[in-house]
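Down below is the structure, laid out as structure tokens.
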Amino acid sequence: MNTDARNTKVMNRFDVTSRLIAKLKREEAVIGGIGNTNFDLWAAGHRPQNFYMLGSMGLAFPIALGVALAQPDRHVFALEGDGSLLMQLGALSTIAALKPENLIMIVMDNGIYQITGAQPTPAANVADIVAIATGSGLANSAWAADEEDFERLVEEAMAASGPSLIAVRIDDKPGVGATRRDPVQIRERFMHGLGVREAL
Amino acid sequence: MAIAEQHTSSEAVQTSSDKSWHGIVLQTLKRNEISLIPYVPDRVLTPLIKNLHADPFFTTFATAREEEAVGIVSGAWMGGRRAAVLMQTSGFATLANVLASLAVPYQIPLIMFVSERGTLGEFNYGQSLVCRTMRPVLDSLALEHHTITRLDELEFIADRSIKQAITTQAPVALILNPLLTGGKTFDK
Chain W
189 MNTDARNTKV
199 MNRFDVTSRL
209 IAKLKREEAV
219 IGGIGNTNFD
229 LWAAGHRPQN
239 FYMLGSMGLA
249 FPIALGVALA
259 QPDRHVFALE
269 GDGSLLMQLG
279 ALSTIAALKP
289 ENLIMIVMDN
299 GIYQITGAQP
309 TPAANVADIV
319 AIATGSGLAN
329 SAWAADEEDF
339 ERLVEEAMAA
349 SGPSLIAVRI
359 DDKPGVGATR
369 RDPVQIRERF
379 MHGLGVREAL
Chain P
680 MAIAEQHTSS
690 EAVQTSSDKS
700 WHGIVLQTLK
710 RNEISLIPYV
720 PDRVLTPLIK
730 NLHADPFFTT
740 FATAREEEAV
750 GIVSGAWMGG
760 RRAAVLMQTS
770 GFATLANVLA
780 SLAVPYQIPL
790 IMFVSERGTL
800 GEFNYGQSLV
810 CRTMRPVLDS
820 LALEHHTITR
830 LDELEFIADR
840 SIKQAITTQA
850 PVALILNPLL
860 TGGKTFDK
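Protein chains in written order, with the working numbering: chain W, 189 to 388; chain P, 680 to 867.
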């Protein structure tokens, strides 16, 4: 377990997201948190199993937990920014208590609210996301040292017998794409992708 | 759905299958195949929460915040599992953002049971004020809501409202008034 942020490479959100998507072969669900996180998920190529958040900052992990509890045989990934996660740290303990083994949380940590003008978060330079996650009861939490390590941690998480959290230090670049803001279409396509709904 | 009732025989279900308000709520949830119950606790809700925990049909657990529970319910719905949130009035007051940015625009049948504090004998001024924000927030989003005051109306209102939420893919708030539950009173 790598719990030291200082030795981690600064990566890029779109690149890391693309690497994740390339590894998904079994219709895994992916929840993209508000803002740049889901913009880059969208830009990495739409999949029917992707869900894009257009609001509700901080709820990517709880939404993913709900999906994971509804479909225990499917791996569920949640992509969240550090600023968003700071809004809902209690969710980490809820997930630790329920121990869904099919839930994998990825935190994109640039220490800033990039989309609002790159203001630093209160946690920047003082708090450690992985230490917070570990302290919340998520023992299987680690910083990704670089892109290769990230891919290795994703493999490890998919084989794990409990929830996993992977934190990635990223640069200050904005998202590459922009999600089409049609909430009903996003939800309906996602439910179709999860096999809950027939295509219209 | 009657089958689900036949398959449950734990003591907790028997004690809650009487005609108490919480027994009716539990059975109505079960009849409508609502099996996932995240909650933020409330004194009045205690017997319901206890019996939900004791019944293996339900996955019942506490969340740190009410909006977290709304996120969980939304994800569960999209994954094909029905869920409902239990909370107190003051918890509902934290939900305007998630209602307006998730439940309503994504058309999620978010089923909320709200134990009403702040009226009919409230002893904490802050609670009475926060209670007054609840219905204006619900009305501002044109959300369906019912204040349940009578035991003989509870099953009808809860059952019909749950079915309506699901078929119309719209949230509903079922407000459990002190006239129904007894509420929380000033003891000492």
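Using N, Cα and C, we set each Cβ at its ideal position, and we do this for glycine too.
Within-8 Å CB hit, residue i to chain P
| i | result |
| --- | --- |
| Gly353 of chain W | Here residue 353 of chain W is Leu; the residue named in the question, Gly, does not match the sequence. Not an interface residue. |
| Ala418 of chain W | It is not possible to answer for residue 418 of chain W, since the shown part of chain W is limited to 189 through 388. |
| Ala258 of chain W | yes |
| Ile303 of chain W | no |
| Lys197 of chain W | no |
| Ala284 of chain W | no |
| Ser349 of chain W | no |
| Ser281 of chain W | yes |
Cβ pair residue i, residue j closer than 8 Å
| i | j | result |
| --- | --- | --- |
| Ala321 of chain W | Leu280 of chain W | yes |
| Ile790 of chain P | His824 of chain P | no |
| Asp360 of chain W | Ala306 of chain W | yes |
| Thr196 of chain W | Ala232 of chain W | no |
| Ile222 of chain W | Met241 of chain W | yes |
| Pro784 of chain P | Gln848 of chain P | no |
| Pro236 of chain W | His380 of chain W | yes |
| Leu253 of chain W | Leu291 of chain W | yes |
| Met318 of chain W | Ala355 of chain W | Looking at the sequence itself, residue 318 of chain W is Val, so the reference to Met does not match. Yes, these two residues count as a Cβ contact at 8 Å. |
| Arg201 of chain W | Met296 of chain W | yes |
| Lys251 of chain W | Ile303 of chain W | Reading the sequence as shown, one finds Ile at residue 251 of chain W and not Lys. The answer is no: Cβ separation not under 8 Å. |
| Leu353 of chain W | Val777 of chain P | no |
| Gly243 of chain W | Leu781 of chain P | yes |
| Arg207 of chain W | Glu289 of chain W | no |
| Val749 of chain P | Ala763 of chain P | no |
| Leu820 of chain P | Pro857 of chain P | no |
| Arg262 of chain W | Glu336 of chain W | no |
| Leu705 of chain P | Glu745 of chain P | no |
| Val384 of chain W | Gly759 of chain P | yes |
| Thr828 of chain P | Val723 of chain P | no |
| Leu817 of chain P | Lys698 of chain P | no |
| Thr707 of chain P | Ile845 of chain P | no |
| Gly278 of chain W | Glu747 of chain P | yes |
Limits of the beta strand (DSSP E) - the one that residue i falls within
| i | result |
| --- | --- |
| Pro717 of chain P | Ile713 to Tyr718 |
| Arg641 of chain P | In the structure as shown, chain P begins at 680 and stops at 867. Residue 641 of chain P is therefore absent and cannot be evaluated. |
| Val268 of chain W | Reading off the sequence, residue 268 of chain W comes out as Glu, not Val. Element bounds for Glu268 of chain W: Val264 to Gly269. |
| Gln237 of chain W | Counting along the chain, Gln237 of chain W falls outside any beta strand (DSSP E), and DSSP gives it neither H nor E. |
| Phe737 of chain P | Segment: none, Phe737 of chain P is in no beta strand (DSSP E) and carries neither H nor E. |
| Ile292 of chain W | Leu291 to Asp297 |
| Gly702 of chain P | Here Gly702 of chain P belongs to no beta strand (DSSP E); instead the alpha helix (DSSP H) covers Trp700 to Arg710. |
| Ile354 of chain W | Ser352 to Arg357 |
CB contact check: residue i to chain W, cutoff 8 Å
| i | result |
| --- | --- |
| Gly770 of chain P | no |
| Ile663 of chain P | Beyond the ends of chain P as shown, which are 680 and 867, falls residue 663 of chain P; an answer cannot be given. |
| Tyr785 of chain P | yes |
| Leu765 of chain P | no |
| Arg722 of chain P | no |
| Asn776 of chain P | yes |
| Leu781 of chain P | yes |
| Arg760 of chain P | yes |
| Pro850 of chain P | no |
Test: residue i CB closer than 8 Å to a CB of chain A
| i | result |
| --- | --- |
| Ser819 of chain P | Chain labels in this structure do not include chain A; the protein chains are W and P. |
Bounding residues of the alpha helix (DSSP H) (the contiguous stretch that carries residue i)
| i | result |
| --- | --- |
| Ala748 of chain P | Glu745 to Met757 |
| Ser769 of chain P | Thr768 to Phe771 |
| Leu341 of chain W | Glu335 to Ala347 |
| Ser324 of chain W | Neither: Ser324 of chain W is in no alpha helix (DSSP H) and is coded neither H nor E. |
| Met379 of chain W | Pro371 to Gly381 |
| Ser281 of chain W | Gly278 to Leu286 |
| Gly805 of chain P | Tyr804 to Ser819 |
Subject >> Near-chain P residues of the region 354-388 of chain W - C-beta to any C-beta below 8 Å >> reply: So the list reads Pro371, Val372, Ile374, Arg375, Phe378, Met379, Leu382, Gly383 and Val384, given in the order they occur along the chain.
**OP:** May I ask you to verify whether the region 765-783 of chain P touches the region 261-270 of chain W, counting CB pairs closer than 8 Å and requiring at least 3?
**Re:** The region 765-783 of chain P makes no contact with the region 261-270 of chain W, as fewer than three CB pairs between them are under 8 Å.
Subject >> Contact list for the region 729-757 of chain P against chain W, Cβ threshold 7 Å >> reply: The region 729-757 of chain P vs chain W, Cβ under 7 Å: Thr738, Phe740, Thr742, Ala743, Arg744, Glu746, Glu747, Gly750, Ile751, Val752, Ser753, Gly754, Ala755 and Met757.
Subject >> Members of the region 240-259 of chain W near chain P, C-beta cut-off 9 Å >> reply: Residues are counted here when their Cβ sits less than 9 Å from a Cβ of chain P; for the region 240-259 of chain W these are Met241, Leu242, Gly243, Ser244, Met245, Gly246, Leu247, Ala248, Phe249, Pro250, Ile251, Ala252, Leu253, Gly254, Val255, Ala256, Leu257, Ala258 and Gln259, given in chain order.
**OP:** Identify each residue in the region 258-279 of chain W for which the Cβ-Cβ distance to at least one residue of chain P is less than 7 Å, and report them in chain order.
**Re:** Cβ contacts with chain P: Ala258, Gln259, Gln276, Gly278 and Ala279.
Subject >> the region 361-379 of chain W contacting the region 346-353 of chain W, beta-carbon criterion three pairs below 8 Å >> reply: With fewer than three CB-CB distances shorter than 8 Å, the region 361-379 of chain W does not count as touching the region 346-353 of chain W.
Original post:
If we count Cβ pairs, one from each stretch, closer than 8 Å, do we get three or more for the region 802-813 of chain P versus the region 722-730 of chain P?
Top reply: Three or more Cβ pairs closer than 8 Å define a contact, and the region 802-813 of chain P falls short of that threshold against the region 722-730 of chain P.
**OP:** Please list the residues of the region 703-719 of chain P that have a C-beta atom closer than 9 Å to any C-beta atom in chain W, keeping them in chain order.
**Re:** Result list: Leu715 and Pro717.
Original post:
Does the region 712-719 of chain P touch the region 738-752 of chain P, meaning 3 or more C-beta pairs lie closer than 8 Å?
Top reply: Between the region 738-752 of chain P and the region 712-719 of chain P there are three or more inter-stretch CB-CB distances shorter than 8 Å, so the stretches are counted as touching.
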